[in-house]
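S.K.: Pasting in a structure now, in structure tokens, and then I'll have a few things to ask.
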Amino acid sequence: MSLRAPKGTDDLLPPESRRWRTLLRSWDVLTELYGYELVATPVFESTELFARGVGETTEVVEKQMYNFLDKAGRRLTLRPEITAGVVRAYIQAGRWGEFKGAYSGPAFRYERPQEGRRRQFWQLGVEYMGAPDAEADLEVIEIGYRFLLECGLGDVVVHINSIGDPSDRAAYHRLLADWLEERMDLLSADARRRVRSNPLRVLDSKADREATAEAPGPIDHLGESAAAHHEQLIEGLTERGIAYEPDPRLVRGLDYYNRTVFEYIPPSYGAAQNAVGGGGRYDGLARILGGPDVPGVGLSLGLDRILTAAGTGPPARAMDAFLVVADQERRSMAHAFARRLRLAGIRCDLVTGRRSVKAQFKAANRRDAAVAVVIGREWDEGLVTVKDLSSGDERCMPAGEVAGWLVGNGGGVR
RNA sequence: GUGACCGUAGCUCAGCUUGGUUAGAGCGCCUGGUUGUGGUCCAGGAGGUCGGGGGUUCGAAUCCCCUCGGUCACCCCA
């Protein structure tokens, strides 16, 4: 074996890549329908952005980042998540009002790969800046939920919790830390280390699940305004028909969250890494990054996980028509005909170079075309022969009618 | 970072326990049967440092050690 893709990275090839195309397209359409405009930020940012934004004591920043120095000695990092970069761009642009952005792209974390956890993975997400109300949380949750339904994950459940505001949290942190300290001997080494630095994270650890089963949850120590926000959120979920489940242990690993946190879990997906997406409110993030005091709420989805959770159905058809050139002197006619079909939205192709009719039919079959269109002597009467490659049925028709006929039979790109 | 399992043809795998003549199968690929018909069928063909290195042995895909890679789980998260 010579050169391979780096550990924990995947090549995306057909036919699997067809499903990606379909989902990426529907993501674009869905977010546009909700008024989210495209936003794209660099795949690398200054290391400081993530250290400050995501949090120094988080697992992600402590040991999962791809850090490097550029030739001028700048400290840079391949983005381990995308929210921090989008909020940075929002601040930098200086248009500090309401802003709704949607993104799609790779993120990177240095971890041991396993199912649903790759070193390069694809995130889809939205960020809604400048909207403090629970209605904004609901909209964001709804977008993710609806997208997952479109992906075929009809049974997905939104796990939801509130971790309160920073002001509520100081008191709660002390309470939780004290509670944990009384049970230090029951905790894992990792948990013990975090009792004072980041006690919330202990709740989320599988190793400490038993020891912390009776621990006080953040949801029971919300301030008045955060509690009202959460109540409104739960009501809205019911109204919108979104399947949800209160999850008092859900805290999430990024420090910028406050109030609402959520994850999308498809119960039928048995892998250890079973959250196909998640997000929450981050009202303090813009300020931490040196910007204005603007609230925000966002969501990110793991496309790789969504696709494995949805299972491998039969791949979508990628080609409507494959042109077979029977007489070589008609090659340029065939190319012109292909251009016409493509203008009409028909996905078509033909081989380059002189190949036998047999070889061209083989190519048509390999490319998974719905029909082969023979360009031969009948062209002189303005006709082509169209062969359905699954049934084998052949019919002659005027060349000008082919595109319409294919669209009528479910072909073409929408 | 820790642990378990697995590396033989492009892909999926057999062979390894009990070391021994040219390392096999299915799928895929190429050619022909059919110079205007694919897929199906038939015949033929190409393709392998047995992950890599070292050791034991007259002899290693097979036994031992190291190493690299893959998978899953812990940890953590999308």
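Start counting the first sequence at 707; every next residue gets the next number (our numbering).
Idealized CB from N, CA, C, for every residue including glycine.
All values derive from a computational prediction rather than experimental measurement.
Kindly give me the distance between the Cβ atoms of Q1066 and V1108, rounded to whole angstroms, as I take these residues to be in contact under 8 Å.
M.R.: Taking the Cβ atoms as the reference, Q1066 lies roughly 17 Å from V1108, outside the contact range of under 8 Å.
S.K.: K713 lies in the beta strand (DSSP E); which residues open and close that run?
M.R.: Note, K713: premise wrong, no beta strand (DSSP E); not H, not E.
S.K.: Going by the CB atoms, is the gap between R889 and A680 shorter than 7 Å?
M.R.: Summary: the structure shown does not reach residue 680, with the chain confined to residues 707 through 1120, and so no result is reported for it.
S.K.: Consult DSSP for I866 and reduce its assignment to one of helix, strand or coil.
M.R.: strand
S.K.: Per DSSP, V832 forms a beta bridge with which residues?
M.R.: A808 and L1005
S.K.: Is the beta carbon of D861 closer than 7 Å to that of S1038?
M.R.: Going by C-beta atoms, S1038 is not nearer than 7 Å to D861.
S.K.: Can you name the start and end residues of the alpha helix (DSSP H) that M1039 belongs to?
M.R.: DSSP places M1039 inside the alpha helix (DSSP H), whose first and last residues are R1037 to L1049.
S.K.: Nearest-angstrom Cα distance between V792 and L1007?
M.R.: 15 Å
S.K.: Using the C-alpha atoms, what's the distance from P922 back to M707?
M.R.: Note that M707 has pLDDT 44, beneath the 50 cutoff, so the model's placement of it is unreliable and the number below is only indicative. Rounded to whole angstroms, M707 to P922 spans 53 Å at the Cα level.
S.K.: Note down, in chain order, each residue of its chain lying with its Cβ closer than 8 Å to the Cβ of L1089, except the 5 sequence neighbours on either side.
M.R.: Correct list, in chain order: C1102, M1103, P1104 and A1105.
S.K.: Starting from the C-beta of Y988, find all residues in its chain whose C-beta is less than 6 Å away, skip the five residues before and the five after it, and write them out in chain order.
M.R.: Y962, Y963 and G1002
S.K.: Tell me the residue span of the alpha helix (DSSP H) that contains V793.
M.R.: T789 to A799
S.K.: Could I get the ranges of all uninterrupted beta strand (DSSP E) runs contained in the stretch 715-777, with 3 residues as the minimum, in chain order?
M.R.: 750-752 and 772-775
S.K.: The beta strand (DSSP E) that contains K1093, what's its start and end?
M.R.: L1089 to D1094
S.K.: With respect to the alpha helix (DSSP H) encompassing E937, which residues constitute its N-terminal and C-terminal limits?
M.R.: E930 to E945
S.K.: Taking the alpha helix (DSSP H) that D843 belongs to, which residues open and close that run?
M.R.: Unbroken alpha helix (DSSP H) run through D843: A840 to E856.
S.K.: Using only alpha-carbon positions, find the residue among L1029, F750, R1045 and A883 that is nearest to R1061.
M.R.: L1029
S.K.: Based on the DSSP output, what are the partners of A1027 in its beta bridges?
M.R.: C1054 and V1077
S.K.: So, are the CB atoms of P786 and R815 less than 7 Å apart?
M.R.: yes
S.K.: With a CB to CB cut of under 7 Å and the five nearest residues on each side skipped, what residues in its chain are close to P872?
M.R.: N964 and G990
S.K.: Decide if R710 is buried, meaning its Cβ has at least 16 other Cβ atoms within 10 Å, or exposed.
M.R.: Exposed, because fewer than 16 other Cβ atoms sit within 10 Å of the Cβ of R710.
S.K.: Does the beta-carbon distance from A1016 to C1054 come in below 7 Å?
M.R.: no
S.K.: Quick one: residues in its chain with C-beta nearer than 6 Å to the C-beta of G714, no 5 flanking neighbours on either side, listed in chain order?
M.R.: P819, R824 and R825
S.K.: With DSSP as the reference, please indicate the residues paired to P784 in a beta bridge.
M.R.: Residue 784 is actually Leu in this sequence, not Pro. Per DSSP, the beta bridge partners of L784 are F750 and Y772.
S.K.: Find out if the Cβ-Cβ distance for the pair V957, L893 is shorter than 7 Å.
M.R.: no
S.K.: For I866, tell me which candidate among P952, N904 and L928 has the shortest Cα-Cα distance.
M.R.: For I866, the closest alpha carbon among the candidates P952, N904 and L928 is that of P952.
S.K.: Roughly how many angstroms lie between the CA atoms of S868 and H936, to the nearest whole one?
M.R.: Roughly 7 Å separates the two Cα atoms.
S.K.: In the DSSP assignment, find the beta strand (DSSP E) that holds P972 and state where it starts and stops.
M.R.: Looking at the DSSP string, P972 is not in any beta strand (DSSP E), and its letter there is neither H nor E.
S.K.: Return helix, strand or coil for E1100, following the three-state DSSP convention.
M.R.: E1100: strand per DSSP, three-state reduction.
S.K.: Identify whether T1014 lies in helix, strand or coil by the three-state DSSP scheme.
M.R.: helix
S.K.: At what residues does the alpha helix (DSSP H) containing E887 begin and finish?
M.R.: P872 to E887
S.K.: Which residues in the same chain as D843 place their Cβ atom closer than 7 Å to its Cβ, once the five residues preceding and following it in sequence are excluded?
M.R.: L939, T966, R987 and V1003
S.K.: So, helix, strand or coil for N980, using DSSP?
M.R.: coil
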